[in-house]
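In full-length UniProt numbering, the protein residues as written are 1 to 113.
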């Protein structure tokens with residue numbers, strides 16, 4: 001069962017929505033082979049990974065920016081799938097960021113030749 005919007009703060013919801021929009025824009029840049037795609041992948045990928053880590057995997061230190069899975073109350077609906085989804089999202093965001101770095105380096109090498 002998925003967690004609903006009623007268990008997260010408005011701040012976390014807005015941050016998640018913004019992250020989703022930026023991820024979609026980044027995917028569009030990548031699939032259209034836009035020259036800004038590597039830069040977007042680096043910024044959005046690494047920022048999203050850090051954001052997910054801070055919001056979900058750290059204790060509830062950041063007030064409205066926290067939706068901590070650590071010692072979450074029973075009503076929060078945190079399950080094993082919640083943990084899997086958060087860790088998978090962080091890994092995917094890191095992969096996008098690393099792919100952006102690699103593409104940028106490859107492009108720089110080609111310009112030197």
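All residues carry an ideal CB built from backbone N, CA and C; glycine is no exception.
Counting other Cβ atoms within 10 Å of its Cβ, residue 60 stays below 16 and is therefore classed as exposed.
Distance from the CA atom of residue 22 to the CA atom of residue 51, rounded to whole angstroms, is 13 Å.
With a cut-off of 8 Å on Cβ pairs, the segment 66–82 is not in contact with the segment 92–105, counting fewer than three such pairs.
Relative to the Cα of residue 10, the nearest Cα in the group 38, 58, 28, 67 belongs to 67. Within the model, the alpha-carbon separation for residue 28 versus residue 104 is close to 17 Å. In the three-state DSSP reduction, residue 42 falls in the helix class (H, G or I).
CA-to-CA, the gap between residue 84 and residue 44 works out to about 21 Å. By the Cβ-count criterion, residue 63 is exposed, with fewer than 16 other Cβ atoms from all chains shown falling within 10 Å of its own Cβ. The three-state secondary structure of residue 68, taken from DSSP, is coil. The three-state reading of DSSP puts residue 58 in coil, since its state is none of H, G, I, E or B.
By the criterion of a C-beta distance shorter than 8 Å, residue 26 is surrounded in its chain by 37, 40, 41, 44, 45, 96, once the five residues flanking it on both sides are discounted.
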